[in-house]
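Here the sequence shown is numbered in my numbering, starting from 8 and rising by one per residue.
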Amino acid sequence: MKVSLLNERITIGKSKIEVDKIGNHKNVWSKYYSCYATISSEGPKEETSSGAIWDESKIDFSIRYSGEVADISSIGFRAIFHNSIYEIRGIDHMN
């Protein structure tokens with residue numbers, strides 16, 4: 008991996024459930040990890056069905072492996088890049 012290609016800052020957010028004083032459960036996102044990444048395979052795509060339009064954009068983030076990264080999964084984590092939130096759909100620890 009060429010370190011010079013890690014030129015964009017991303018933030019990984021982690022969700023947790025908090026209970027307020029009257030017992031309501033809510034999902035709260037907090038900053039988990041921030042690092043530089045290589046951004047690739049940007050593929051904007053829009054889907055239309057039954058009059059509804061939704062964004063199906065795909066983007067790949069490559070980051071250096073660390074102890075914090077080892078705990079990231081597609082459940083309960085998300086990536087934030089340029090103030091846009093991306094769902095993590097998969098992780099490849101080998102590349």
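We put the beta carbon where it would ideally sit given N, CA and C, even for glycine.
Beta-carbon proximity of residue i to residue j, cut-off 9 angstroms
i	j	result
alanine 86	glycine 30	no
alanine 59	isoleucine 17	no
glycine 83	lysine 23	yes
cysteine 42	isoleucine 70	yes
isoleucine 95	serine 81	yes
isoleucine 92	phenylalanine 68	no
glutamate 25	phenylalanine 88	no
glutamate 75	glutamate 63	no
tyrosine 39	isoleucine 79	yes
DSSP state of residue i mapped onto helix, strand, coil
i	result
glycine 74	helix
Beta bridge counterpart(s) of residue i as assigned by DSSP
i	result
glutamate 15	Ala44
glutamate 63	In the DSSP output, where bridge partners are listed per residue, glutamate 63 has none listed.
arginine 85	Gly20 and Glu94
histidine 100	Answer is none; histidine 100 lacks a bridge partner.
asparagine 34	Ile24
asparagine 69	Going by the sequence as given, residue 69 is serine instead of asparagine. According to DSSP, serine 69 bridges with Thr45.
serine 56	Ala59
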